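See structure below.
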Amino acid sequence: MTATKATTERRPRRPVRRRGDRIFAGSAQGAGILILVILAGVAAFLVIESLPALTAPAEEIPGGEGVGAYVAPLLFGTLLAAVIALLVATPLAVAIALFVTHYAPRRLAAGLGYLVDLLAAIPSIVYGFWGIFWLAPKLVPFYRWLEENLGFVPLFAGPTSATGRTMLTAGLVLAVMILPIISAISREVFQQVPTLHREAALALGATRWEMIRMAVIPYGKSGVIGGAMLGLGRALGETLAIALVLSVSGGITLNLISSGNPSTVAANVALEFPESSGLDINTLIASGLALFLITFAVNMLARWIVNRRADFSGAN
Amino acid sequence: MAKRIDCSDVNIYYGDFLAVENVTVSIEPRSVTALIGPSGCGKSTFLRALNRMHEVIPGARVEGKIAMDGQDLYGPDADPVAVRRQIGMVFQRPNPFPTMSIYDNVAAGLRLNSKKLKKSDLDDLVERSLRGANLWNEVKDRLNRPGSGLSGGQQQRLCIARAIAVEPDVLLMDEPCSALDPISTLAIEDLMADLKDRFTIVIVTHNMQQAARVSEQTGFFNLNGVGQPGRLIEFNPTEKIFSNPDQKATEDYISGRFG
């Protein structure tokens, strides 16, 4: 409003601004614009390169039933693995963060926090090896038990994979990978809960757990959701660990413990790309475009959830 | 409801540092007791020792005896959580829970104490507490809005409503008006005059006129120098403290000849 008014005056009065301020504002703005440019570049590349696959006749797409039929199981597998990972990792990460910030003795807390952060630095191929050679065989007896006792649940219908390289194993490996991200961010936000609010709860006669429930968790909630979204981003995009761990054959199924699993977008691209050419590559890129859009949608959803109660976020 | 507090030979530490030395005092029920003194003299520390909030700080501890109507607050069986439910506290800076609505802020302590309150009972208690804090008329149409949207004075009265909602025996106030403008301060002082019929009130204040206005008894804390422990120099009826104190140090502080 004021800016348009100022330009219509003959001698626009511009507020005095220091050079340092202008430089800083300019560079910050530049950084912000750069992000948009990169994002737009990636999106444009994905769209342009997927177009041949999207417009090609269905028979020419690998599988012979069109792009939709090709991408759907991949997207399903990606989301399923990521959701398993998120469901397992988030409560655990929040519990670790609470323990480190509010329960552990100070010296133990520092060491433990450091160890969890270290998990984030392990390359994903190491997790892949760990998953395939150590975790998967160890989980087979557990899967057998699930099939025998909870086989009536579609998730555990079986037949149990003999190698343990199942969707559930993949999800668990992903959970371990995203755990440090979520817990590091949760730890930071829990540490920043003002003493005033914690003392307000204690002075009302809250036990430590009640204080955490009244003051700490609500205050840190948006941060935890943000951390979970970062973790989800990593889980959706994870390539090598999934490519190693998951035994792929077959399409969409909710059966988590059998050897017939849908692959994930990223793992499928990594495995198929070396032997692809022409339209096959366009199809792979189309699957990447789908993942890009899904990630976008998930992030918007998370943002919306956080903002819905922005008045109550504690940031004001 | 209102109960008396007897302290004898209370020493309060932060780690190895002795912050308050040898306080012996009796705080009368159904009255306002003011604690005055220069910054760093230990009056807030002493206040926080009364409801066991002092020990929340790592390494902090209290020695000596503090009893409320004969019940030893620091006895081997005393549960600090139970003590804090009996002795409410209002802090220097208004601290409503920012993630809760006005209603939920007042109900917070009630929900801790008795989980199975009926909605209508809870509504009544919330309304009664907000009326008790002279806030009801200002917030009754926005009970579901965040408490952090209120003005500073309203937030402080919300904190008072939250504290009195659980019907404590004693209400501690740590400089409750130091962040407020004179009109909000007056509102809170009026409120204290109402509340002292039901509660034992102990208030820490830097404002000597305020101590003179609201309190029946006044305690003057002082310290000999930086790094020395604070001590209770004089404890007398407010009228006497402000007209004819027993101690020279009290008179110097009150009349501004301090230093």
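Chains as they are written, first to last, in my numbering: chain B, 5 to 320; chain C, 11 to 269.
Quick reminder that beta carbons are idealized off the backbone N, C-alpha and C, glycines included.
Remember, predicted model here, so these are calculated numbers, not experimental data.
As the crow flies, the alpha-carbon of B:L250 is around 6 Å from that of B:M171. Below the 7 Å Cβ cutoff, chain C contributes F107 and A118 as neighbours of B:M218, in chain order. Residues of chain B with a Cβ closer than 8 Å to the Cβ of C:G74 do not exist; the shortest Cβ-Cβ separation is about 21 Å. For B:G117, no Cβ of chain C is located within less than 9 Å of the residue's own Cβ. Residues of the same chain with a CB within less than 6 Å of the CB of C:I251, apart from the 5 flanking positions on each side, are T228 in chain order.
In the pairwise beta carbon analysis, the region 197-216 of chain C is classified as not touching the region 304-312 of chain B: fewer than three pairs are separated by under 8 Å. Of the candidates B:G30, B:R202, B:T287 and B:H201, B:T287 places its Cα closest to the Cα of B:A73. Between the region 90-105 of chain C and the region 200-218 of chain B there are three or more C-beta pairs closer than 8 Å, enough to call the two in contact. Proximity of C:P156 to chain B, defined by a Cβ-Cβ separation below 9 Å, is satisfied. Bounds of the beta strand (DSSP E) holding C:N246 are G240 to P247.
Minimum Cα-Cα distance from C:A59 among the listed residues C:S49, C:E38, C:A77 and C:V42 corresponds to C:A77. Between C:G52 and C:I22 the beta-carbon gap is near 7 Å, inside 8 Å, which marks them as a contact.
Interface annotation, C:L122: in contact with chain B, CB-CB separation under 9 Å. Taking all protein chains in view, the Cβ of B:L122 is surrounded by fewer than 16 other Cβ atoms within 10 Å, so the residue is classified as exposed. Taken through DSSP and simplified to helix, strand or coil, B:P163 comes out as coil.
Taking C-beta separations shorter than 6 Å and ignoring five residues to either side along the sequence, the partners of C:D184 in its chain run S54, L57, F101, Q102 and V214, following chain order. Counted as a single uninterrupted DSSP element, the stretch harbouring C:Y84 is not any beta strand (DSSP E), since DSSP gives it neither H nor E.
In this structure, C:A175 lies away from C:V93, with their beta-carbon atoms at least 9 Å apart.
The beta-carbon distance between C:A118 and C:R172, rounded to whole angstroms, is 6 Å. This is short enough to meet the 8 Å contact definition. When DSSP states are grouped into helix, strand and coil, B:L55 belongs to the helix group. Ranked by how close their Cα comes to the Cα of B:L102, the residues B:E63, B:V92 and B:Q196 have B:Q196 in first place. Inclusion of C:E226 and C:T43 in the CB contact set at 9 Å is warranted, their separation being smaller than that value. Distance from the CA atom of C:K129 to the CA atom of C:N147, rounded to whole angstroms, is 21 Å.
In terms of Cα proximity to B:V269, the closest of B:L244, B:S281, B:L260 and B:N259 is B:L244.
The straight-line gap separating the alpha-carbon atoms of C:S139 and C:D131 is approximately 12 Å.
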